[in-house]
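Quick note on the working numbering: the sequence shown kicks off at 958 and runs consecutively.
Ideal placement from N, C-alpha and C gives every residue a C-beta, glycine not left out.
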Amino acid sequence: MSIAASKAETASRSRAILMMIGAILCFSLMDATVKALAPKVGVLPALWARYAGQMLLVFVLVLPRLKTVAHTAYPGLQLARSVLLMCATGFFFWGLSLIALTDAAALMAVNPVLITLGAALFLGEKLGFRRIGGILAALLGAAIIIRPGSDIFTPAALLPLLAAVCYSSYALLTRRIGHREDVWTSLFYTGLVGTVILTLAVPFAWQAPDATAIALMLLTAGFGTAGQLLLIRSLSLGEAGMLAPYAYCGLIFAAIWGIVFFAEWPDLWTVAGALVIAAAGLYVWHRETYRR
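The structure is reproduced here in structure tokens:
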């Protein structure tokens, strides 16, 4: 490889990393916005705002080739994965409305190791002792956060874990479809199914928003849309395996927004649990990426 090509590859990788971090930043700001919005209008309208924004972005981007993108060879799998992602987002938003932002983000972060476990159970992928150790370590990290006697030791703490299970199931179905389906087709149906279901459901939970709530709904859609766009651009410039570890920046961002906007200072147990979860996730990622 020539020096010029090497520099170009390094520059492309750097842009991909920066865009990935930017996407995680936007998603973390969306989560903080939802935490402020949910007490004003409820979780369902907040969820609808997030999906409506994403669907608008995807529709505009695929409009020139909408007929091609809308064709799918796996309608059942696309419906199932879309519903699972909607449930994951819904459970997480519900959890955000009840527990601290850092706690919710840390518990949701167990999903990479759940994906590894699910891939072994349902897709026949290998699961050695080291990966089993990483999975158990992540679950231990979650147990440290939801320890008996802590403020978070409530049923509400299960919501981010349910979100992680739903998201992991969504990811496994996405992996099963693999490269046999255009990524834009999957993205299109993810937004379409969620938007249609939530548009039908939201009138039954609608609360008239005041000016502040309307602004927060627009911010939710804006941050979610910007995050989605940055994520798409990032994955088009760099490999998913290379970018995956940067998703854990979300734990740092969640801690910052929790302190700045909600005066939620994570205790040492939450920090310790989050570090254990992140370390376990990074270890499993390393085993899957470099030690196959």
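Measure the CB-CB distance between residue i and residue j and report whether it falls below 8 Å.
| i | j | result |
| --- | --- | --- |
| Leu1034 | Ile1154 | no |
| Ala1158 | Leu994 | no |
| Leu1001 | Ala1162 | yes |
| Gly1091 | Ala1237 | yes |
Whose C-alpha, out of the options, is nearest the C-alpha of residue i?
| i | options | result |
| --- | --- | --- |
| Ser985 | Glu1221, Ser1126, Ala1204 and Ala1236 | Ala1204 |
| Pro1160 | Trp1226, Ala1006 and Thr990 | Ala1006 |
| Thr1111 | Ser1193, Gly1052, Val1017 and Ala968 | Gly1052 |
| Val1019 | Ala1168, Tyr1146, Ala1165 and Leu1042 | Tyr1146 |
| Leu1016 | Trp1141, Ile1213 and Leu1188 | Checking the displayed sequence, the identity of residue 1016 turns out to be Phe instead of Leu. Taking only the C-alpha atoms, the option nearest Phe1016 is Trp1141. |
| Arg1088 | Thr1073, Ala968, Arg1190 and Phe1219 | Thr1073 |
| Ser969 | Arg1190, Ala1237, Pro1202 and His1243 | Arg1190 |
| Val1241 | Phe1210, Leu1225, Ala1168 and Pro1202 | Pro1202 |
| Ile1109 | Ala1121, Glu1082 and Ala1057 | Ala1057 |
| Ser1125 | Thr1156, Ala1077, Thr967 and Lys1083 | Ala1077 |
| Arg1104 | Pro1021, Leu1225, Thr1156 and Glu1082 | Leu1225 |
| Ala1045 | Cys1206, Leu1175, Lys1083 and Cys1123 | Cys1123 |
| Leu1176 | Ser971, Thr967 and Met987 | Met987 |
Assuming residue i and residue j make a contact with CB atoms under 8 Å, what is their CB distance in whole Å?
| i | j | result |
| --- | --- | --- |
| Phe1050 | Ala1113 | Their Cβ separation, rounded to whole angstroms, is 12 Å, which puts Phe1050 and Ala1113 out of contact at 8 Å. |
| Ile1102 | Gly1195 | Not really, about 31 Å apart at Cβ, beyond 8 Å. |
| Leu1093 | Leu1129 | The pair is not a contact, with the Cβ atoms about 20 Å apart (cut-off 8 Å). |
| Ala989 | Trp1214 | 4 Å |
| Phe1210 | Lys992 | Contact doesn't hold; Cβ gap of about 13 Å is too wide. |
| Thr1152 | Ser1143 | Wrong, their Cβ atoms sit about 15 Å apart, outside the cutoff. |
Kindly list the residues whose CB is nearer than 7 Å to the CB of residue i, restricted to its own chain and excluding five residues on each side of it in sequence; keep chain order.
| i | result |
| --- | --- |
| Trp1222 | Ile1216 |
| Ala1063 | Ile1102, Leu1208, Thr1227, Gly1230, Ala1231 and Ile1234 |
| Tyr1031 | Ile1134 and Glu1138 |
| Leu1014 | Thr1182, Gln1185 and Leu1186 |
| Met1065 | Phe1049, Pro1117, Ala1120 and Ala1121 |
| Tyr1127 | Arg1038, Leu1041, Leu1042 and Ala1045 |
Grab me the residues of residue i's own chain with a C-beta within less than 6 Å of its C-beta, minus the 5 sequence neighbours each way, in chain order.
| i | result |
| --- | --- |
| Leu1055 | Ala1113 |
| Ala1212 | Thr1059 and Pro1223 |
| Pro1166 | Val998 |
| Gly1047 | Leu1004 |
| Leu1084 | Ala1077 |
| Gly1265 | Lying before the first or after the last residue shown, residue 1265 is absent from the chain, which here runs from 958 to 1249. |
Ignore the nearest five residues each way along the sequence and tell me which others in residue i's own chain have a CB closer than 8 Å to its CB.
| i | result |
| --- | --- |
| Val1150 | Gln1035, Leu1036, Ser1039, Val1040 and Met1043 |
| Pro1257 | Beyond the ends of the chain as shown, which are 958 and 1249, falls residue 1257; an answer cannot be given. |
| Gly976 | In the sequence on display, residue 976 carries Met and not Gly. If we look at Met976 and ignore the five residues flanking it on each side, its Cβ neighbours are Leu1187, Leu1188, Arg1190, Ser1191 and Leu1194. |
| Leu1239 | Pro1202 and Tyr1205 |
| Thr1156 | Trp1005 and Ala1009 |
| His1243 | none |
Review point. Do the stretch 1009 to 1018 and the stretch 1114 to 1124 meet, that is, are 3 or more Cβ pairs less than 8 Å apart?
Key: With the cut-off at 8 Å, the stretch 1009 to 1018 and the stretch 1114 to 1124 do not touch.
Check your understanding: Between the stretch 1183 to 1200 and the stretch 970 to 983, do three or more beta carbon pairs fall short of 8 Å?
Key -> They touch, by the three-pair rule.
**Study point:** Contact the stretch 1011 to 1026 vs the stretch 1096 to 1104: 3+ CB pairs below 8 Å
**Key:** Not touching, per the Cβ criterion.
Exercise for review: Take every Cβ of the stretch 1167 to 1182, pair it with every Cβ of the stretch 1054 to 1074, and state whether three or more of those distances are shorter than 8 Å.
Suggested key: Touching, no, given that fewer than three Cβ pairs across the two stretches are closer than 8 Å.
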